[in-house]
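**Q** Protein sequences appear in the order of chains A and B. The first sequence finishes on residue 266 if you use the working numbering, and the numbering steps up by one all the way, no holes. The second sequence finishes on residue 338 if you use the working numbering, and the numbering steps up by one all the way, no holes. Quick reminder that beta carbons are idealized off the backbone N, C-alpha and C, glycines included. Please read through the structure below; I'll follow up with questions.
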Amino acid sequence: MTAPSLLYFRDVAVQYGDRIVLEQVSLAVEQGAFVSVVGPSGAGKSTFLRLILGQEAPSRGVIHLEGEPLAAEPDRHRGVVFQRYSVFPHLSALDNVVFGLDCAGAPLTGRLRGPRRAAAAEEATALLARVGLSHALDLYPAQLSGGMQQRLAIAQALIMKPRILLLDEPFGALDPGVRKDMHGLITELWREHGLTIVMVTHDLKEAFTLGTRVLAFDKPRHFDDGGRAYGSTIVYDFPLDKGAPPVDPATLATLKDRLDPDQA
Amino acid sequence: MKRLLNIRPGAGGRFVLGAAPVLVALAAYAIASQAQHDANPAEKILPTFQAMARQAGVMALQVDPQTGTIPLWQDTAASLMRLGTGLAIATASSLLLGLALGLLPILRGTFGPFVAAVSVVPPIAILPILFITFGLGETAKVLLIVLGVAPVMIRDLAGFTAALPSEQIIKAQTLGASTWQVALRVALPQVMPRLIESLRLSLGPAFVFLISAEAIASDVGLGYRVFLVRRYLAMDIILPYVAWIALLAVLFDLVLSQISRRAYPWAHPAAGR
């Protein structure tokens with residue numbers, strides 16, 4: 003038997019009352035993949051992410067992380083960067099990054115002291131320098147621009163060396179120029195740290211630029227019942243690695259049409 | 066010509082505008098009380114400023130031969146002791162319960178309705194119960210303040226804690242934080258400025274409960290004195306006392322707001338820059 007996939011979904015469904023959000027989601031994500039998740043609003047992209055995060059439990063099906071059943075609540079093995087509110091407004095940039103080390107090393111006081119604090123601060127400072135925030139160690143998040151806040155959120159998540167990094171429309175609120183810089187940064191960090199990333203985005207171009215694989219969520223069936231009885235699932239799964247077959251332009255056009263009908 | 070709602074006074078203008086109503090009220094009082102005094106020097110309802118200053122001097126500087134103490138300071142000390150104890154208990158319990166109720170759904174389900182029910186009971190209506198149960202001593206007075214302000218503060222803080230962005234709470238957990246660490250490092254520091262704000266808003270009601278309790282059963286205190294001298298229509302004592310109470314309240318409010326600005330600069334971004 004080969005090593006289990008890093009992340010494994012088998013026939014997962016999420017249902018609230020009689021409303022089915024996701025169904026028949028089966029998937030295996032390999033170590034080192036950069037998976038982009040796209041789909042129209044309400045197609046269950048965020049639910050999919052919350053499932054991996056452990057913020058929500060599947061109504062049916064099985065989810066494994068590294069061959070083990072997924073813990074039913076968020077933990078340090080799954081890092082996350084949200085579009086907003088990802089950093090703590092009452093902590094300086096440095097303290098935001100040290101936070102994870104504080105929690106690991108000081109269960110009771112939640113705050114490292116002495117030489118251990120110095121070591122943690124050194125590690126955090128290096129990481130902050132790597133994401134381009136060495137000038138902002140003592141600033142509060144409110145004093146940082148949107149792009150800098152997301153850099154901080156990424157550094158904060160990376161210090162815990164998560165097995166999988168989840169990004170929930172992380173660059174959605176940023177200006178185009180800043181977004182481009184962030185694309186460069188996340189790609190570099192992904193390579194340097196050998197990360198496995200799952201990123202939800204509504205930007206198809208971003209999905210294909212960054213990902214080694216693009217998953218498209220949508221309702222596969224017609225809406226004759228108002229879409230209630232059927233949930234979304236993975237309707238397209240494009241591998242983008244070297245040697246993968248090229249994406250069929252017609253399929254791509256269909257997808258584009260579903261994602262933003264206004265611009266098609 | 067600009068619209069009225071777009072005309073903003075400068076710093077000096079604001080000071081003049083703010084001081085104007087106070088000065089007008091003082092001047093109007095001075096004229097009215099002088100006219101009354103000229104018509105009838107024994108008039109007690111509108112004492113002149115001189116009369117009030119004289120009485121204030123007596124209360125604040127002269128030892129009362131019956132008690133051997135200076136009334137204003139003795140009253141102030143007794144009242145502030147009650148107020149301080151009551152507010153300290155209310156603040157500590159609202160911080161603890163507010164955090165717990167806001168963070169833990171189990172506790173919110175258990176105690177939320179209870180706190181909500183308690184907070185709609187008019188505290189003054191409980192005062193007889195307190196006097197019957199705890200006697201006429203300090204306990205009942207302090208408890209009235211606690212029961213009067215704590216439920217509102219608890220609900221405010223629990224609501225504020227529960228309204229912290231869920232992204233922050235999730236993020237903390239993905240960084241390995243336990244429930245205790247989330248409470249200590251994420252919720253507590255962010256709740257502190259709100260606690261101070263809540264305490265500032267509670268100062269007014271707390272004074273109301275203090276003075277009510279003192280008026281009904283006490284032998285010392287600001288409220289006791291005001292209601293005692295009411296029997297002699299001693300407006301020349303009542304008005305300086307009321308002014309003194311107002312001054313104390315304003316002072317506490319200022320101190321609390323300064324503490325919040327100093328200790329939690331991130332919560333006051335406009336002032337920090």
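Report the CB separation of Arg86 of chain A from Glu232 of chain B in whole angstroms; it is logged as a contact under 8 Å.
**A** For the purposes of this step, residue 86 of chain A is taken as residue 84 along the first sequence, with counting starting at 1. For the purposes of this step, residue 232 of chain B is taken as residue 167 along the second sequence, with counting starting at 1. Yes, Arg86 of chain A and Glu232 of chain B are in contact; Cβ-Cβ is about 7 Å, under 8 Å.
**Q** For Leu148 of chain B, which residues of its own chain have a beta-carbon under 8 Å away from its beta-carbon, when the five flanking residues on both sides are left out?
**A** Along the second sequence, one-based indexing puts residue 148 of chain B at 83. Hits under 8 Å: Ile210, Ala271, Phe272 and Leu275.
**Q** When you compare the CB of Thr226 of chain B with every CB in chain A, is at least one pair closer than 8 Å?
**A** The residue you call residue 226 of chain B lines up with position 161 of the second sequence. Chain A contact via Cβ: absent.
**Q** Taking 8 Å as the threshold (beta carbon to beta carbon), is Thr239 of chain B in contact with chain A?
**A** Reading the second sequence from its first residue, position 174 is the one you call residue 239 of chain B. So, interface residue.
**Q** In chain A, which residues lie with their C-beta within 7 Å of the C-beta of Ala242 of chain B?
**A** In the second sequence, residue 242 of chain B corresponds to position 177, counting from 1. The contacting residues are Cys105.
**Q** Considering just the uninterrupted stretch of the beta strand (DSSP E) at Gln26 of chain A, what are its terminal residues?
**A** Walking along the first sequence from the start, residue 26 of chain A turns up at place 24. Counting along the chain, the beta strand (DSSP E) containing Gln26 of chain A begins and ends at Arg21 to Val31.
**Q** Taking the alpha-carbon positions, what's the Arg260 of chain A to Cys105 of chain A distance?
**A** Locating residue 260 of chain A in the first sequence gives position 258, where the first residue counts as 1. Locating residue 105 of chain A in the first sequence gives position 103, where the first residue counts as 1. Cα to Cα, Arg260 of chain A sits roughly 43 Å from Cys105 of chain A.
**Q** In terms of residues, what are the limits of the beta strand (DSSP E) holding Ser184 of chain B?
**A** In the second sequence, residue 184 of chain B corresponds to position 119, counting from 1. Not the beta strand (DSSP E): Ser184 of chain B falls in the alpha helix (DSSP H), residues Pro170 to Ser184.
**Q** Does DSSP put Pro60 of chain A in a helix, in a strand, or in coil?
**A** Counting from one through the first sequence, the residue named residue 60 of chain A turns up at place 58. Here Pro60 of chain A sits in coil by DSSP.
**Q** What would DSSP say about Gly81 of chain A, mapped onto helix, strand or coil?
**A** As a working note, residue 81 of chain A is residue 79 in the first sequence. Gly81 of chain A: strand per DSSP, three-state reduction.
**Q** Closer than 9 Å by beta-carbon distance: list the chain B residues that pair up with Gln158 of chain A, in chain order.
**A** Locating residue 158 of chain A in the first sequence gives position 156, counting from the first residue. Within 9 Å Cβ-Cβ: Lys236 and Leu240.
**Q** In chain order, what residues of the same chain lie with their CB nearer than 6 Å to the CB of Ala157 of chain A, ignoring the 5 residues before and after it?
**A** One-based indexing of the first sequence puts residue 157 of chain A at position 155. Closer than 6 Å at Cβ, skipping near neighbours: Val99, Leu129, Leu130 and Val133.
**Q** Under 8 Å between the Cβ atoms of Phe114 of chain B and Ala84 of chain B?
**A** Stepping through the second sequence from its first residue, residue 114 of chain B is reached at position 49. Stepping through the second sequence from its first residue, residue 84 of chain B is reached at position 19. Going by C-beta atoms, Phe114 of chain B is not nearer than 8 Å to Ala84 of chain B.
**Q** So, are the CB atoms of Thr198 of chain A and Arg165 of chain A less than 8 Å apart?
**A** In the first sequence, residue 198 of chain A corresponds to position 196, counting from 1. In the first sequence, residue 165 of chain A corresponds to position 163, counting from 1. In contact: Thr198 of chain A and Arg165 of chain A (Cβ atoms closer than 8 Å).
**Q** Counting only Cβ-Cβ distances shorter than 9 Å, please list the residues of the segment 79-98 of chain A near chain B, keeping chain order.
**A** From the segment 79-98 of chain A, only His79, Arg80, Gly81, Val82, Val83, Phe84, Gln85, Arg86, Tyr87, Ser88, Val89, Phe90, Pro91, His92, Leu93 and Ser94 have a Cβ closer than 9 Å to chain B.
**Q** Over what stretch of residues does the beta strand (DSSP E) that includes Gln17 of chain A continue unbroken?
**A** In the first sequence, counting from the first residue as 1, residue 17 of chain A sits at position 15. Residues Leu9 to Tyr18.
**Q** Does Phe92 of chain A pass the burial test, meaning 16 or more other C-beta atoms within 10 Å, or should it be called exposed?
**A** Working through the first sequence from its first residue, we reach residue 92 of chain A at position 90. It should be pointed out that residue 92 of chain A corresponds to His in this sequence rather than to Phe. Buried, because 16 or more other Cβ atoms sit within 10 Å of the Cβ of His92 of chain A.
**Q** Am I right that Val200 of chain A and Val37 of chain A are in contact with their C-beta atoms under 8 Å? What's the rounded C-beta distance?
**A** One-based indexing of the first sequence puts residue 200 of chain A at position 198. One-based indexing of the first sequence puts residue 37 of chain A at position 35. Rounded, the Cβ-Cβ distance is 5 Å, consistent with contact.
**Q** Grab the span of the alpha helix (DSSP H) containing Leu217 of chain A for me, first residue to last.
**A** Walking along the first sequence from the start, residue 217 of chain A turns up at place 215. It is not in any alpha helix (DSSP H) - Leu217 of chain A instead sits in the beta strand (DSSP E) that spans Arg215 to Asp220.
**Q** By Cβ distance, which residues of its chain are closer than 6 Å to Leu103 of chain A, with the 5 residues on each side in sequence left out?
**A** For the purposes of this step, residue 103 of chain A is taken as residue 101 along the first sequence, with counting starting at 1. Correct list, in chain order: Ala122.
**Q** Quick check on the burial criterion: 16 or more other C-beta atoms within 10 angstroms. Buried or exposed for Asp221 of chain B?
**A** For the purposes of this step, residue 221 of chain B is identified with residue 156 of the second sequence, where counting begins at 1. Buried.
**Q** The beta strand (DSSP E) with Ile166 of chain A in it runs from where to where?
**A** For the purposes of this step, residue 166 of chain A is identified with residue 164 of the first sequence, where counting begins at 1. Ile166 to Asp170 is the extent of the beta strand (DSSP E) around Ile166 of chain A.
**Q** Check whether chain A comes within 8 Å of Leu169 of chain B, counting only Cβ atoms and requiring the distance to be less than that.
**A** Taking the second sequence and counting its residues from 1, one reaches residue 169 of chain B at position 104. Output row for Leu169 of chain B: interface = no.
**Q** Kindly indicate if chain C contains any beta-carbon less than 8 Å away from that of Met162 of chain A.
**A** The structure shown contains no chain C; the protein chains it does contain are A and B.
**Q** What residues of chain A sit near Pro230 of chain B, judged by a beta carbon separation below 7 Å?
**A** Indexing the second sequence from 1 puts residue 230 of chain B at position 165. Those within 7 Å of Pro230 of chain B in chain A are Tyr87.
**Q** Ignoring anything shorter than 4 residues, give me the alpha helix (DSSP H) runs that lie fully in the segment 268-296 of chain B, in order along the chain.
**A** If we require 4 residues or more, the alpha helix (DSSP H) runs fully inside the segment 268-296 of chain B come out as 287-294.
**Q** Per DSSP, Val39 of chain A is paired with what?
**A** Within the first sequence, residue 39 of chain A is the residue found at index 37, counting from 1. In DSSP, Val39 of chain A forms a bridge with A:Val202 and A:Leu217.
**Q** Alpha carbon to alpha carbon, how far is Thr235 of chain A from Pro60 of chain A? Give it in angstroms, no decimals.
**A** Start at 1 with the first residue of the first sequence, and residue 60 of chain A comes out as number 58. Start at 1 with the first residue of the first sequence, and residue 235 of chain A comes out as number 233. Answer to the nearest angstrom: the Cα atoms are 13 Å apart.
**Q** Anything in chain B within Cβ reach of Ala144 of chain A, meaning under 7 Å, just list it in chain order.
**A** Numbered from 1 along the first sequence, position 142 holds the residue referred to as residue 144 of chain A. Those within 7 Å of Ala144 of chain A in chain B are Trp331 and Pro334.
**Q** Are Leu257 of chain A and Leu217 of chain A touching if we call contact CB-CB under 8 Å?
**A** Within the first sequence, residue 257 of chain A is the residue found at index 255, counting from 1. Within the first sequence, residue 217 of chain A is the residue found at index 215, counting from 1. Result no, Cβ atoms of Leu257 of chain A and Leu217 of chain A do not sit closer than 8 Å.
**Q** Alpha carbon to alpha carbon, how far is Arg193 of chain A from Asp183 of chain A? Give it in angstroms, no decimals.
**A** As a position in the first sequence, residue 183 of chain A is number 181, starting the count at 1. As a position in the first sequence, residue 193 of chain A is number 191, starting the count at 1. Spanning the two alpha carbons is a distance of roughly 16 Å.
**Q** Who are the near neighbours of Ser283 of chain B in its chain, counting only those whose CB is closer than 6 Å to its CB and skipping five residues on each side?
**A** Here residue 283 of chain B is taken as the residue at index 218 of the second sequence, counted from 1. Counting only Cβ-Cβ distances below 6 Å, and skipping sequence neighbours, we find Tyr289.
**Q** Return the first residue and the last residue of the alpha helix (DSSP H) that Ile210 of chain B is part of.
**A** Taking the first residue of the second sequence as position 1, residue 210 of chain B is located at position 145. Unbroken alpha helix (DSSP H) run through Ile210 of chain B: Glu203 to Ala227.
**Q** In whole angstroms, give me the CA-to-CA distance for Thr141 of chain B and Met257 of chain B.
**A** For this step, residue 141 of chain B is matched to residue 76 along the second sequence. For this step, residue 257 of chain B is matched to residue 192 along the second sequence. Near 28 Å, if we compare the C-alpha coordinates of Met257 of chain B and Thr141 of chain B.
**Q** Determine which residues share a DSSP beta bridge with Glu70 of chain A and list them.
**A** Here residue 70 of chain A corresponds to residue number 68 of the first sequence, with the count starting at 1. DSSP output for Glu70 of chain A lists A:Leu67 as bridge partner(s).
**Q** Strictly below 7 Å CB to CB, what residues from chain B border Gln57 of chain A?
**A** What you label residue 57 of chain A is simply residue 55 of the first sequence in a count that begins at 1. Per Cβ cutoff of 7 Å: Ile235.
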